[in-house]
Amino acid sequence: MNPFGIFITIGLYYTFSEIYSRKRVFILNPVMLTILTIVLILHLFGIGYDYYNESARILTFLLGPAVVSLAIPLYRQREYIHRYSKQIFAGVTAGGLVAVVSAVLIITLLGGDDTVARSIAPKSITTAIAIGVSEKISGIPSLTAVLVIITGIMGNAAGVEVMNALKIRDRVARGLAMGVTAHGLGTARIILDDEVSGAVSGLGMALNGIFTSVILPLLAIVLF
Amino acid sequence: MYRGLAIIFGFFFLGEFISNAADLMIPGSVIGMILLTIALFSGVVNPEWCEREAEFFVRHMSVLFIPPGAGIVMYLSLIKTELLPISAALFISFFATLLVTGKVVEVLR
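Given below as structure tokens:
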């Protein structure tokens, strides 16, 4: 196996992470910058994506155990699950449905492609799960990954301000809304404001990941 | 370390096996995560057995979705033609999801 892909992935990610740790602005998101740079390199040097991907396959495979590992942070927040069970259950169900249905309907109404609608459907759940869900419902996992990251960056950059404008003030409501809408990147932002919001956001992310991956194959029958 | 990795990969394998055998539309990794969560809540698995390894995977998850993300290079022309519906869907759905989730929780408090 050629080490090219794994080298540029880790090398670029390390470089952009270092930059991000010094200048924490959302536009410098290291995952997004690494993806863009790799796209640029492949494009400029005429390197096929398959050649790159073949050699970076080990990393992609590890998404599986990483998703399984999400059980640990979910278990750690069990106290909040008990305390706010009703709100969390209702919020994840309502928010999870709105995220999927609104995105798919807008694509359809604007005459968008069916594959694009399938790829955008899981855009609010954590990338690792979204990629697997996209594959299962015949979307394009690569497109899904990028749309999920963009959604996360929106949450990280503007989620708090949008919730202020929408007059969502309760700390549990703010946390859950952020986690359900903008997964890990949103959680990383709201945790800076309030510890409870941060914990609930992490829960919202994990539970919406489960909810969406279970419900989307069923919704797919009516939506596409 | 090996106990933690054995548990995590064991649940991943179990999830994949169930997903394939029952021909489910749910990714095997998600089934593995659900089963591990149940195992933790029911006390079958002690969190101390695998938390260090799980934390490692969760903390470094971002680097793992760079290779699939870079696959976007094959769909640049599709994105160009679909730019308007994609942007509109991302923006409107973002506002709608924040609003509905937040308000539903606030109403119930």
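In order, the protein sequences belong to chains A and B. For the first sequence, position 53 matches number 290 in our numbering, and the numbering has no gaps at all. For the second sequence, position 27 matches number 1094 in our numbering, and the numbering has no gaps at all. Glycine is no exception: its CB is placed at the ideal position from the N, C-alpha and C atoms. All values reported here derive from a predicted model rather than from experimental measurement.
query                                                                                                                             : result
Inter-residue spacing [alpha-carbon to alpha-carbon] between residue 1164/B and residue 1112/B                                    : 35 Å
Chain B within 9 Å of residue 407/A, Cβ atoms only                                                                                : yes
Through-space distance from residue 380/A to residue 1031/B, alpha-carbon basis                                                   : Residue 1031/B lies beyond the range of chain B shown here (1068 to 1176); nothing can be said about it.
Length at least 4, wholly inside the stretch 378-427 of chain A: the alpha helix (DSSP H) runs in chain order                     : 378-402, 408-427
Contact between the stretch 350-363 of chain A and the stretch 1113-1126 of chain B (3+ Cβ pairs under 8 Å)                       : no
Proximity test, Cβ basis, 9 Å: residue 299/A and chain B                                                                          : yes
Residue-chain proximity (residue 1089/B, chain A), Cβ-Cβ < 9 Å                                                                    : no
Boundaries (first-last residue) of the alpha helix (DSSP H) holding residue 319/A                                                 : 315-320
Nearest-angstrom Cβ-Cβ length linking residue 1156/B and residue 344/A, presumed shorter than 8 Å                                 : 5 Å
Test: residue 290/A CB closer than 9 Å to a CB of chain B                                                                         : yes
Interface flag, residue 467/A vs chain B, CB-CB below 9 Å                                                                         : Nothing can be reported for residue 467/A: it is not among the residues displayed for chain A, which extend from 238 to 461.
Inter-stretch contact (C-beta, 8 Å, three-pair minimum) for the stretch 1074-1081 of chain B and the stretch 276-290 of chain A   : no
Contact set between residue 400/A and chain B, taken where Cβ atoms lie within less than 7 Å                                      : 1165, 1169
Beta-carbon separation (whole angstroms), residue 412/A vs residue 441/A, contact threshold 8 Å                                   : 7 Å
Which listed residue (426/A, 294/A, 443/A) has its alpha carbon closest to that of residue 392/A                                  : 426/A
Every unbroken alpha helix (DSSP H) within the stretch 1080-1148 of chain B, with a cutoff of 4 residues, ordered by chain        : 1095-1108, 1118-1126, 1128-1131, 1133-1137, 1143-1148
Cut-off 7 Å between Cβ atoms - residues of its own chain near residue 222/A, not counting five sequence neighbours on either side : In this structure chain A extends from 238 to 461, so residue 222/A is not present and cannot be described.
Where residue 287/A falls, given that 16 or more other Cβ within 10 Å makes a residue buried                                      : exposed
For residue 290/A, the three-state DSSP class (helix, strand or coil)                                                             : helix
Unbroken alpha helix (DSSP H) run spanning residue 446/A, endpoints                                                               : 432-460
The stretch 323-340 of chain A in contact with the stretch 1118-1128 of chain B per 3-pair CB rule at 8 Å                         : no
Per-residue contacts from residue 411/A into chain B (C-beta, under 7 Å)                                                          : 1169
Host alpha helix (DSSP H) of residue 242/A (start-end)                                                                            : 241-259
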